[in-house]
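Asker: Below are the structure tokens for one structure; questions will follow.
Numbering (the UniProt record's numbering), first residue to last: 1 to 148.
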């Protein structure tokens, strides 16, 4: 058995950057009734507009955006309670413990982080989704294995 000619695996190598921009099938989407307050509605309007303009938002993504918007509104409500009552609360025996609103705020931030990442609303995911590293028209240098 001789391996005279190297064989390249199909699909091997780096994928070329595509200049085609995905177009969302939506042009706009009204805020659903599931949003908890006006803050959530405002977040819906701004974020849905951004996602539709990027071409990354489809109707099946709406439940994720609802969760994102409501989490943002709940986080602000928790922030207001923390500002009014403080980070700690007294207990029945006179000791001090962390306010439950701090835990609510932390849970909301975790939810925002997860759903925002799924929607492409954080910087790292946005770069991945939109093809980060765009050289603004410069030719891709390639690498030493391109000739194979």
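Built from N, CA and C at the ideal position, the CB exists for glycine as well.
Going straight from the alpha carbon of residue 109 to that of residue 94, what length do you get?
Answerer: In the chain shown, residue 109 corresponds to position 109, counting from 1. In the chain shown, residue 94 corresponds to position 94, counting from 1. Rounded to whole angstroms, residue 109 to residue 94 spans 30 Å at the Cα level.
Asker: Can you say whether residue 87 is buried or exposed, counting buried as having 16 or more other CB atoms within 10 angstroms of its CB?
Answerer: If you number the chain shown from 1, residue 87 lands on position 87. Result: exposed.
Asker: Could you work out which residue in 67, 129 and 54 is closest to residue 111 when comparing CA atoms only?
Answerer: Position 111 of the chain shown holds residue 111. Answer by Cα proximity: 67.
Asker: If residue 50 sits next to residue 28, beta carbons under 8 Å apart, how far is it from one beta carbon to the other, in whole angstroms?
Answerer: Within the chain shown, residue 50 is the residue found at index 50, counting from 1. Within the chain shown, residue 28 is the residue found at index 28, counting from 1. At roughly 12 Å, the Cβ-Cβ gap does not stay under 8 Å, so residue 50 and residue 28 are not in contact.
Asker: If you drop the 5 nearest sequence neighbours on each side, which residues of the same chain put their C-beta closer than 7 Å to that of residue 44?
Answerer: As a working mapping, residue 44 is identified with position 44 in the chain shown. Excluding sequence neighbours, residue 44 sits near 31, 35, 65 and 69.
Asker: On the CB-based measure, 16 or more other CB atoms within 10 Å of its CB, does residue 128 come out buried or exposed?
Answerer: Counting from 1 along the chain shown, the entry for residue 128 is found at position 128. So residue 128 counts as exposed.
Asker: For the alpha helix (DSSP H) holding residue 150, just list the boundary residues, first then last.
Answerer: Outside the shown range of the chain, which is 1 to 148, sits residue 150, and nothing can be said about it.
Asker: Buried or exposed, going by whether 16 or more other CB atoms sit within 10 Å of the CB of residue 145?
Answerer: In the chain shown, residue 145 corresponds to position 145, counting from 1. That one is exposed.
Asker: Would you mind reading off the limits of the alpha helix (DSSP H) that contains residue 63?
Answerer: Position 63 of the chain shown, counted from the start, is the residue given in the question as residue 63. Counting along the chain, the alpha helix (DSSP H) containing residue 63 begins and ends at 62 to 85.
Asker: Between which residues of its own chain and residue 125 is the CB-CB distance below 7 Å, once the five residues before and five after are set aside?
Answerer: Numbered from its first residue, the chain shown carries residue 125 at position 125. Taken in chain order, the residues that qualify are 117.
Asker: According to DSSP, simplified to helix, strand and coil, what is residue 88?
Answerer: Translated into the one-based positions of the chain shown, residue 88 becomes position 88. Looking at residue 88 - three-state DSSP - the assignment turns out to be strand.
Asker: Label residue 25 either buried or exposed according to how many other C-beta atoms from any shown protein chain fall within 10 Å of its C-beta, with 16 as the threshold for buried.
Answerer: For the purposes of this step, residue 25 is taken as the residue at position 25 of the chain shown. With fewer than 16 other Cβ atoms within 10 Å, it is exposed.
Asker: Measuring alpha carbon to alpha carbon, tell me which residue in 48, 41 and 76 is nearest residue 105.
Answerer: Position 105 of the chain shown holds residue 105. Checking every option, the nearest Cα to that of residue 105 belongs to 76.
Asker: Checking 9 Å against the spacing of the C-beta atoms, do residue 119 and residue 57 come in under that value?
Answerer: For this step, residue 119 is matched to residue 119 along the chain shown. For this step, residue 57 is matched to residue 57 along the chain shown. Contact flag set, yes.
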